[in-house]
Structures are given as structure tokens and as C-alpha cells.
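Line order of the protein sequences matches chains Z and L.
With the first letter of the first sequence counted as 1, position 193 gets the number 365 in the working numbering; the numbers rise by one all the way through.
With the first letter of the second sequence counted as 1, position 73 gets the number 144 in the working numbering; the numbers rise by one all the way through.
Glycine included, every Cβ here is placed at the ideal spot set by N, Cα and C.
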Amino acid sequence: MEQPKPSSVSVPLKKVKRKIPIAPFVLLIPWFIGIMLFRIYPIMMSFWYSLRDFHPIMGDRGFVGLDNYRWLLFDFPLFWRSVEATFRYVVFGTPMVLASALFIAFILNFKLKGVNLFRTIYYVPSILGGNVAVSLIWIQLFGSNGPVNTIMMMMGMEPVSWLRSEAFAPFTLIFLSAWQFGSVMLIFLAALQNVSPSLYEAASIDGARKFRQFISITLPIITPVVLFNTVNVLLRHFQEFNSAFLITDRGPNDATNFLNILIYEYAFRRFEFGVASAMTWLFLAAIGILTLILFSSSKHWVHYND
Amino acid sequence: MSTKNKINAVVRYTLLIAVGLLLAYPLFWMIGSAFKHNADIFGNLNILPPPGRGTTEYFAAAWQLSPRNTMAFYYWNTLQFLIPRVIGTVISCTLTAYAIARFSFPGKKIVFTIVIVTLLMPELAFRIPIFMLYRDIGLLDTFAALYIQEFFAVGSFFVFMIIQFMRTIPRELDESAQIDGCGPLRTLIFILVPILRPIIITVGLLTFMWGMNDFQGPLIFLSSPENRVLALALRGLLQDYDVTNFGQIFAAAFMALIPTLAIFFTCSKFFVESVTSSGGKE
């Protein structure tokens, strides 16, 4: 606690400072209950379940130690198939979203008329998010006679089975994610608009040089926001559920059977809570490690101005 | 303006418009196709139905979303969990943000750290034990399972957003209110809430729109047909019922997105500003 300053502080303020205030603790009661009941208790229980052969209807069939983990890692090929599908989605989806968001933010950052209109329009797809209606549209858009294949045929390419081919189905979902780059773009744009224009006054340089200037001057300044967005987009992609569940129905041949869906299936279809919890913890470990790597590497590439 | 600059501007606008059209196309195509017969939907890129061939008949079919119920029924069910969710989120997140942003107390750093950590924790980490908890207290297959949490400020993102906004309000305002004899709660309600109005509206509307997109929650916690919400009923178009007219699917999708789109376009100023300020500063 701060020491009261000797002379300049007026009497009533001193009184306020001395006692520990009750108000914030009262105000935090709902939050505290929420954290205990819906966050800390569940995360601990989840670890407990993962060490047991636990089935909510048949009951707790006892402690099995690390058996659930061992089974997942060594005897359950579908788990690795799902890890592969999830990583494919993350590895292609994350950079695509980040790159398009940053590029569009870069263009919008020129003082153009109508910027507000454009950022509103670009934001619409992300507000629709995982809505089931969007999945319904996407299925038709990428259907065998849908607009996407129509364009490909107009350009002289062979139509593709976007929903039923193992090679293309993941990309149908990645394109949906890329379509929703708007919220990430807005955050980039806000950061760009905070960059002081005095850093690059020369207004007459051409587009190509502007881009190089962007890479070498502007981008380093906004690296904290790049980190923020990267972590967010990465975590969002790891947890993808709706699109793969609805559009490709995990297939074909489990090519889009993401971990979140596999966990759902083992938890709420088969009620194998032990296995599902162990899978949850492996999932948490993976994203935890990745996030830590990102944060610790940030020392080398994120520039904080203070 | 030099010619070079003019060319640059033209290039930029062309690019922005092209991207805009690309992004908007799926939605316009959906709306247009809701007025089309099957034969006119596929194999072309047109948004509008061919002249004289437009129809509104599929809207009636889409309104009857399942053999048993109309879309009104599913909208009503959706509102039954969404409205409490909005109220709970707004109240509990404002109280929590107020405590963190406006008071200094022992443990404040820990509280703030927990808020940030839970911001990064994925929902699915808590799902199974919460399911068991709801089962034990009899909340499974009730709408309460979809909103009870929100009364306890679990929406860390919104807590964070309100804190950021509150920091821009000068502290002298609450201090002078306190000197005038206002307690903490009255200071919040009469002094801060009026200023916080835009962010509170944003939090409420975002909760609403994200709730419209919530599919996994209803899928896990609701089971009986009379509790089906819109998201689950729309999924029925994919698997349960035989839909032979695609116009019906598009009309249903369109009608399901109308609230979100309407809210967005009437209030877009709020969101664009607040998304911008919440993320951009940290």
C-alpha cells in the first residue's frame, strides 16, 4: 500500500486511503463466484476426469492413471489424424487471415474518402461468425455447380469437389475463415492510425517504396498488435468447430475432424468423459506451449516503445 | 495532386472495391437466390433472378422451418436464452470492470491477471465439468444452461473492454460525486453508466449477435424438440428434412441473418469504434 504523502494530501483523502475499501470486494462477488464455479473448479475437475475411466451414466469406473493419455497417444490413430487436420487448418488459416487483414488495413490507412464505408463492409462477414446460416450458404457456394466452380470453369479450369475431396475440403473451411478477417483488420487499422505520420513525411514516394517503408518502419512499430492478433487468430483456429461440423461434417475421411469436434464426440456422443478430458488436456498443453513460444519469442521481434 | 498520386488512388480504390465485392458477394447471392427457382440458382454468377422469373414462394416454405414449427417458434426460443444472457453480461461485466478500474485494493493485480488469463483460455477446457455441474443442479435441457454463467462476469473480453473505456473517464468525476455523498454503487449508476452508455450498448449488442451464432452451446445443453433454438433448427435443413428447393434454404438463411445484419447496420458506428479501441491500445 502507498504511504500517505506528508503535507499535500487533504484530510478526507487521507481517511479514504487508510482503510482497506470494502466496495471493490463486494462488487467482485459475482466475478469471484463465476471464476471459482465456472473456471477453476471445472479445470481441476477436468484434470481429475482425465485420470479416470469416467462415464456420466455408467459412473466412475476408477482411477486409471495416465492410461487415457497413453491410449490417445499410442493406440488411437484417429487422434493423430485429428491433430493433423487441426494443424493444417491452423497453419494455412492463421497466416491467410493475418496477411489479408494487414494488407487491407495498409490500404485503408491511406487517407482515402469512404474509408468508413469500406471498413464497415469488410467487417460484416466476421460479425456473422459461426452462424449456421453462413454454413448453409458456404455449402451452396462451394457446391459442384456453385459460383466458385462456375468461376473456375469460366477461367478454363476443371471444377473441383470442394466439399468431398480430401485435398480441397480443408480449404473450403479455410476460405470461410479468411472471409472473416474483418475484426482482425480493424485492430490492425487502429494501430496503424496511431502511428505518428511524422515518421514518414515524404508523401510523394511511389507505391512500391511506400510498401517497403511500411515493412521497414511501420510494421516494427505495430508489432505489439501483431502479437495480439496472432495469438487471437491462432487460438480461434485451434478451436474451430461449427464450420467443420456443419459444412464438411468432419470429412471426407476425417480430413476436417478437428480436435474440438473429436473432443465433443467423445464427451457428448459417447460420454467417454475420461478420454475426452485427457484429449482436452493434450489440446490445452499444445496451445499453451505454442502461446508461450510466441510470447517468449516476442522479446526478439516485438518493439515496445517504453 | 500529381498524376502519379491520382493513379495510386485509382489503383487503391479499384482494389478496395474488388475486395468489397468479393466479400459481399456470398451475402448478396444468398439474398438473390432466395427469390430463385432451382434452375436459376446454379451454373451462373447472377445475383438477381432472371427477369420475370423471380418468386417469393420459398419464403413461406422457409418460414415453416421444421414440419412441426415455424421460424417464429425458434426465434422465440433463441430470445429466451439470449435476452437473459445480454442482461447478465452487461450487469456483471460492468460491476467487475468498475471494481478493477476504479478502486485500488490488495489483490487487484491478481484479479486483473486472472481476467487476462481467462481471456486466453478456450471455452472447451471447462465444458465437460460444467456439463456435469448443470446435470447435478438440473439445468440440462433448460435455457438457463445457456445464460447462467453470464451473470457471473465470465465474459472476460467484455470486462476488459469496459475497463479500457472506463480508464478514459476522468477520475475527478467519481471523486466529486463521492464528496457529494454518493456511495460507490450510486456513483456507478448515476455518474459512470451514463458516460459508459456506448460501450454498454456495444457489449449488449455483441453478446446478442454472438449469441445468434452460438451453435455448440445449444447442441450440447439442449436436447428436447420444444427447446430447439434457431441454430439447431437451421441445422435441420442439412440433415433432418428433405429440402428439394434450394430457394427455401437461402430464404431460411436470409431470415436467420436478418436480426444480426439489421443490428449491425443500424449500430455499426458503435462496434467499429469499440472493436478498434479495445484491441488497438493493448
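{"query": "For Ser349(Z) and Leu274(Z), the rounded distance between their alpha carbons", "result": "15 Å"}
{"query": "Beta-carbon proximity list for Leu406(Z), same chain, < 6 Å, skipping 5 on both sides", "result": "Thr266"}
{"query": "Every unbroken alpha helix (DSSP H) inside the region 230 to 275 of chain L [4 residues or more]", "result": "242 to 250"}
{"query": "Positions along the region 290 to 310 of chain Z whose CB lies within less than 7 Å of some CB in chain L", "result": "Phe290, Arg291, Thr292, Ile293, Tyr294, Tyr295, Val296, Pro297, Ile299, Leu300, Gly301, Gly302, Asn303, Val304, Ala305, Leu308, Ile309"}
{"query": "Validate contact between the region 255 to 269 of chain L and the region 202 to 217 of chain L using beta carbons, cut 8 Å, 3 pairs", "result": "no"}
{"query": "Span separating the alpha-carbon of Ile311(Z) from that of Arg336(Z)", "result": "11 Å"}
{"query": "DSSP beta-bridge partners of His227(Z)", "result": "Gly231(Z)"}
{"query": "Reduced DSSP secondary structure (H/G/I, E/B, other) of Gly178(L)", "result": "coil"}
{"query": "From Ile112(L), Thr337(L), Thr167(L), Ser339(L), residue whose alpha carbon lies closest to that of Thr322(Z)", "result": "Ile112(L)"}
{"query": "Cβ distance (whole Å) where Ile309(Z) is taken to contact Pro97(L) below 8 Å", "result": "6 Å"}
{"query": "Closest Cα partner of Gln352(Z) within the set Arg253(Z), Leu270(Z), Val397(Z)", "result": "Leu270(Z)"}
{"query": "Own chain, CB closer than 7 Å to Met101(L), minus 5 neighbours either side, in chain order", "result": "Phe321, Ala324, Phe325"}
{"query": "Assigned secondary structure, Arg408(Z) (DSSP; H/G/I helix, E/B strand, else coil)", "result": "helix"}
{"query": "Cβ-Cβ distance between Ala439(Z) and Ala448(Z) below 8 Å", "result": "yes"}
{"query": "Contacts that Arg318(Z) makes with chain L (C-beta to C-beta distance below 7 Å)", "result": "Sequence check: residue 318(Z) is Gly here, not Arg. Simply Phe113."}
{"query": "CB contact check: Arg137(Z) to chain L, cutoff 8 Å", "result": "Coverage of chain Z is limited to positions 173 through 478, which leaves residue 137(Z) absent and any answer about it impossible."}
{"query": "Option nearest Ala450(Z) by Cα separation, candidates Phe219(Z), Ile359(Z), Val255(Z)", "result": "Phe219(Z)"}
{"query": "Check whether Phe445(Z) and Ile229(Z) have beta carbons under 8 Å apart", "result": "no"}
{"query": "Alpha-carbon spacing of Asn414(Z) relative to Val304(Z), whole angstroms", "result": "8 Å"}
{"query": "Beta carbon proximity, Ser294(L) to chain Z, threshold 8 Å", "result": "no"}
{"query": "Distance CB(Ser344(Z))-CB(Phe314(Z)) smaller than 8 Å", "result": "First, the residue type needs correcting, since residue 344(Z) is Thr and not Ser in the sequence shown. Their beta carbons are under 8 Å apart, which means Thr344(Z) touches Phe314(Z) by this criterion."}
{"query": "Leu293(L) (DSSP reduced to helix, strand or coil)", "result": "coil"}
{"query": "Cβ contact (3+ pairs, closer than 8 Å) linking the region 138 to 145 of chain L and the region 273 to 284 of chain L", "result": "no"}
{"query": "Residue burial classification, Ser307(Z) (beta-carbon count within 10 angstroms, cutoff 16)", "result": "buried"}
{"query": "Asp247(Z) CB to nearest heavy atom of the ligand GTP below 7 Å", "result": "Looking for the ligand GTP in the displayed structure turns up nothing, as the structure carries no ligands at all."}
{"query": "Interface partners of Gly91(L) on chain Z, CB under 8 Å", "result": "Phe290, Ile293, Tyr294"}
{"query": "Collapsed DSSP secondary structure at Ile419(Z) in the structure displayed", "result": "coil"}
{"query": "Nearest to Gly288(L) (by Cα), restricted to the options Thr165(L), Glu221(L), Asp245(L), Tyr84(L)", "result": "Glu221(L)"}
{"query": "Cβ-based neighbour list, Val383(Z), same chain, cut-off 7 Å, excluding 5 preceding and 5 following", "result": "The sequence shown places Phe at residue 383(Z), not Val. There are no such residues."}
{"query": "Enclosing alpha helix (DSSP H) for Gly307(L) [first to last residue]", "result": "301 to 310"}
{"query": "Span separating the alpha-carbon of Ile346(Z) from that of Ile299(Z)", "result": "17 Å"}
{"query": "Short CB-CB distance (under 8 Å) between Ile323(Z) and chain L", "result": "yes"}
{"query": "Between the CA atoms of Thr74(L) and Ser333(Z) - distance to the nearest angstrom", "result": "46 Å"}
{"query": "Validate contact between the region 157 to 167 of chain L and the region 202 to 218 of chain Z using beta carbons, cut 8 Å, 3 pairs", "result": "yes"}
{"query": "Under 7 Å by beta carbon: chain L residues contacting Met327(Z)", "result": "Result: empty, since nearest Cβ-Cβ is about 12 Å, beyond 7 Å."}
{"query": "Best match in Leu464(Z), Leu244(Z), His409(Z) for proximity to Val263(Z) [C-alpha to C-alpha]", "result": "His409(Z)"}
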